[in-house]
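There are 2 protein chains.
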Amino acid sequence: MESIPNIASLSPVEIRKLIRAGKFTSPTSGLANGYTQANLVILPKELAYDFLLFTQRNPRPCPVLEVSDIGSRKLHKFATDVDLANDFPKYRIYRNGVSTGEVTSVEDYWQDDLVSFLIGCSFSFESELIAAGIEIRHITENVNVPMYNTSIPLESAGKFHGNMVVSMRPIPENQVVTAVNVTAAMPKVHGAPIQVGNPKAIGIKDISKPDYGDMVSIKPGEVPVFWPCGVTPQNAIMQVKPDFVITHAPGHMLITDIKNTVLKYE
Amino acid sequence: MESIPNIASLSPVEIRKLIRAGKFTSPTSGLANGYTQANLVILPKELAYDFLLFTQRNPRPCPVLEVSDIGSRKLHKFATDVDLANDFPKYRIYRNGVSTGEVTSVEDYWQDDLVSFLIGCSFSFESELIAAGIEIRHITENVNVPMYNTSIPLESAGKFHGNMVVSMRPIPENQVVTAVNVTAAMPKVHGAPIQVGNPKAIGIKDISKPDYGDMVSIKPGEVPVFWPCGVTPQNAIMQVKPDFVITHAPGHMLITDIKNTVLKYE
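Here it is, written out as structure tokens:
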């Protein structure tokens, strides 16, 4: 994290202004504790109906928090003083499904036909799990969460199709029920687990080799618990190889004005 | 209800087949107890993105259960053996925002660019309220639920905008908490109330004069409780006066294969 005094104590709008000014370009984990952070997908309008329908049909891996108006860099609900082209610390530009690099502003790439999708992120439910006394192993071990391709088919919608990607967190057997209950109450950020304890049942052959992120230790008495993962929509988009897509860079999220607790009752 | 022997004991698919054959054209209230019934809006594709976004931004009054593929009369999830052009007992055809009559099949009106939206209905939560020991007054009094225009603005999306329409049920003071809890658990069918006890706060000037449906008696010790209502999306559409829209006729719903209880955990 860059050396900005007291950044951990700043409000969402204060942090967004620092990011907008180019003064903070790091991952957002740990910032504005308690506020929802969001993933980003920006697509041309011609793909927006199929993608919105894809998220409607697959809400567990693709929980849409908000969709911008066509061409707009503003939001109505999750943030007021916001510029979607500058308020993520880092973006990725994709052309024909291939990443062409990371930038800290997409102002120069903006087009009048772009639609921005804010998608819920498991950061929100992890802070609730920690509050419920559950250790999040990848946080303890300071690595990225392990993620896997699965055999769980998604409902296709127009051009978009694919299988679900899941994230895995080892949970002590006696805390599995708590973990299910805490996350089931948060459907806007992936909700309850999709599988408990049996990776082979969802097509994961070797749990020690995640397809994305890093492996974490699974201790005696713990079971691997799998949640629908926000990598799913990005994966589905890249299979379509659209001419032009913008996403956030992994870990570099939008910090919204909405608290995780409020999100539970939306 | 038409005199079909044992109709109340038939399964959803059996009832849909009777309806498809033109043998049942009445309201569906009380049929296939425990199964979700759905409202219908059919729009041309050119309006579908704006309308889908409108429902995403206003999920409480416009809870989308499923959206068909473009031009398709089938569903993926809520019913397998289904024909959307024949399986509602009665439809309304609108041209330029004006109803031009009711029909029992829309097969002859079908176009390749039509998209069907199935929208959740308060029938689902009423059966749960009754199971929780709460009397539903308009059922007891055998009239339509009272509904009101409000001053609660909706989030607009493209061409669609408007205010929320609400339904009202009188609830004894000592059952209000139960009514809130039961319905809050069912966000796919409007979820928790939007207002408890103060009609003026949401712009309702005279509770004895509903804008739609019929007034019911409010007894001493009861408070009026207001829920987001499925008339909201139809109202918003008619303000746009599209060239061509099909809806179900009020009370004449699709009986789906999905149980209300399952819907709670979707």
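Chains A and B supply the protein sequences, listed in that same order. By the count of the UniProt record's numbering, the first sequence reaches residue 266 at its end, each step adding exactly one. By the count of the UniProt record's numbering, the second sequence reaches residue 266 at its end, each step adding exactly one. Where is the CB? At the ideal position from N, CA and C, for every residue including glycine.
- Taking C-alpha positions only, L40/A is separated from K259/A by approximately 18 Å.
- Scanning the region 135-223 of chain B from its first residue to its last, the whole beta strand (DSSP E) runs of 3-plus residues come out as 147-153, 163-172.
- In terms of Cβ geometry, V67/B and V106/B do not form a close pair [threshold 8 Å].
- Beta-carbon to beta-carbon, D81/B and V13/B are separated by about 5 Å, close enough to satisfy the 8 Å threshold.
- DSSP, reduced to helix, strand and coil, places L43/B within a strand of the structure shown.
- The alpha carbon of K159/B has as its nearest neighbour, out of V180/B, L47/B, D108/B, the alpha carbon of L47/B.
- Identification of residues in the region 67-82 of chain A having a C-beta nearer than 7 Å to some C-beta of chain B yields V67, H76, given in sequence order.
- Secondary structure at Y265/B: coil, using DSSP grouped into helix, strand and coil.
- Between the region 210-219 of chain B and the region 246-266 of chain A, the count of C-beta pairs closer than 8 Å stays below three; the two stretches do not touch.
- As the crow flies, the alpha-carbon of R73/A is around 10 Å from that of I42/A.
- For the pair I19/A and A85/A, the Cα-to-Cα distance works out to about 11 Å.
- Look at A38/B here: in three-state DSSP terms it is strand.
- The Cβ atoms of V103/B and Y91/B lie closer than 8 Å to each other.
- Straight-line spacing of the CA atoms in F54/B and S156/B works out to 6 Å.
- Below the 7 Å Cβ cutoff, chain B contributes Y49 as neighbours of A48/A, in chain order.
- Considered as a whole, the region 5-38 of chain B harbours 12-20 as its complete alpha helix (DSSP H) runs of no fewer than 4 residues, in chain order.
- Annotated three-state conformation of L129/B is helix, per DSSP.
- Residue pairing by DSSP places P228/B opposite V166/B in a beta bridge.
- According to the DSSP secondary-structure assignment, H248/A is paired through a beta bridge with Y91/A.
- Counting only residues of its own chain and dropping the five nearest sequence neighbours on each side, F88/A has a CB closer than 8 Å to the CB of I19, L40, H248, A249, H252, M253, L254.
- Note that the C-beta distance between V180/A and N235/A is not below 8 Å.
- Proximity of V64/B to chain A, defined by a Cβ-Cβ separation below 8 Å, is satisfied.
- In this structure, I171/A places its C-beta atom within 8 Å of the C-beta atom of E222/A.
- Residues of chain B whose Cβ lies closer than 8 Å to the Cβ of L52/A are, in chain order, Y49, L52, L53, Q56.
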